[in-house]
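**Student:**
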Amino acid sequence: ELKVEQNPLFLSMQEGKNYTIYCNYSTTSDRLYWYRQDPGKSLESLFVLLSNGAVKQEGRLMASLDTKARLSTLHITAAVHDLSATYFCAKYSGGGADGLTFGKGTHLIIQP
Amino acid sequence: DTEVTQTPKHLVMGMTNKKSLKCEQHMGHRAMYWYKQKAKKPPELMFVYSYEKLSINESVPSRFSPECPNSSLLNLHLHALQPEDSALYLCASSQPRRETEAFFGQGTRLTVV
């Protein structure tokens, strides 16, 4: 059974600071997905990491994937209040259309 | 068009009611999904349809009945729900190939009273 573990689950930080969210998983499959969710809203796709060594950046967010370590990171640079949200990493557990398994999510609060 | 449209956005229903949630996509995707998300929890997979056939049912109670009438439409029929079924119900679609990106709808916020 696929396990996807995120940490920390809760993060309160100040604007302007840097921090990293970690996502560990138990399969050897390649792809990993990061989503953002605002309160009461649906999931917004942030990054699709396709293979080992993938790095993607969008604004103050950068995601990377190390399939050998079964680890993905989401790095926040010079955080701003607008990035406050819950961030999920997710993976498919097998082949075909089998649905995503999500980490528990990291609830991020960025304070002025 | 990368949109998955869910209706209604909000639904309040009594425990004896019958209602349906609807999901539609026009991206040509042949896999569609229902997820349930409780407050402060991650989404949990309920059902997967692949080529309009039910391929995964994650041991969901029979008071939830999915239906995929065609390749663009996915329904979730609800009957005799319990208050603990109150949640955000998310629909998603993707190509039915290994690990393809899923696109999520805006969700239906369901409250059972």
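Residue numbers (the working numbering), protein chains in the order written: chain D, 1 to 112; chain V, 1001 to 1113.
For glycine and all other residues, C-beta sits at the position ideal for the given N, C-alpha and C.
1. Any contact of the stretch 1065 to 1073 of chain V with the stretch 1019 to 1036 of chain V, i.e. 3+ C-beta pairs under 8 Å?
2. Give me the Cα-Cα distance between V/S1093 and V/T1100, rounded to the nearest whole angstrom.
3. How would you write the range of the beta strand (DSSP E) that D/N24 sits in, first residue to last?
4. Would you list the one or two residues that DSSP bridges to V/R1098?
5. What's the call for D/F10, buried or exposed, on a 16-neighbour Cβ count within 10 Å?
6. Please say whether D/S42 and V/G1105 have beta carbons closer to each other than 8 Å?
7. Applying a beta-carbon distance threshold of less than 9 Å, which residues of chain V neighbour D/R31?
8. Would you check if the distance between the CB atom of D/C23 and the CB atom of D/G105 is smaller than 8 Å?
9. Where do the ends of the beta strand (DSSP E) carrying V/M1027 lie?
10. Between D/T67, D/L100 and D/L61, which has its C-alpha nearest D/A54's C-alpha?
11. D/A78 and D/N18 - do their beta-carbons sit closer together than 8 Å?
12. With three or more beta-carbon pairs closer than 8 Å as the criterion, would you say the stretch 20 to 37 of chain D touches the stretch 69 to 77 of chain D?
**Tutor:** Reading it off the structure:
1. yes
2. As a first step, residue 1093 of chain V is located in the second sequence; it is residue number 93 there, counting from the start. As a first step, residue 1100 of chain V is located in the second sequence; it is residue number 100 there, counting from the start. Looking at the two C-alpha atoms, the distance is approximately 10 Å.
3. One-based indexing of the first sequence puts residue 24 of chain D at position 24. Y19 to Y25 is the extent of the beta strand (DSSP E) around D/N24.
4. The sequence position of residue 1098 of chain V within the second sequence is 98, counting from 1. The partner list for V/R1098 (beta bridge, DSSP) is empty, contrary to what the question assumes.
5. Start at 1 with the first residue of the first sequence, and residue 10 of chain D comes out as number 10. The residue in question, D/F10, is exposed, as its Cβ has fewer than 16 Cβ neighbours within 10 Å.
6. As a position in the second sequence, residue 1105 of chain V is number 105, starting the count at 1. As a position in the first sequence, residue 42 of chain D is number 42, starting the count at 1. Yes, the Cβ-Cβ distance between V/G1105 and D/S42 is below 8 Å.
7. What you label residue 31 of chain D is simply residue 31 of the first sequence in a count that begins at 1. What D/R31 touches in chain V: R1098, E1099, T1100 and E1101.
8. For the purposes of this step, residue 23 of chain D is identified with residue 23 of the first sequence, where counting begins at 1. For the purposes of this step, residue 105 of chain D is identified with residue 105 of the first sequence, where counting begins at 1. Cβ atoms of D/C23 and D/G105: not closer than 8 Å.
9. Within the second sequence, residue 1027 of chain V is the residue found at index 27, counting from 1. Counting along the chain, V/M1027 falls outside any beta strand (DSSP E), and DSSP gives it neither H nor E.
10. Position 54 of the first sequence, counted from the start, is the residue given in the question as residue 54 of chain D. It is D/T67.
11. Along the first sequence, one-based indexing puts residue 18 of chain D at 18. Along the first sequence, one-based indexing puts residue 78 of chain D at 78. Going by C-beta atoms, D/N18 is nearer than 8 Å to D/A78.
12. yes
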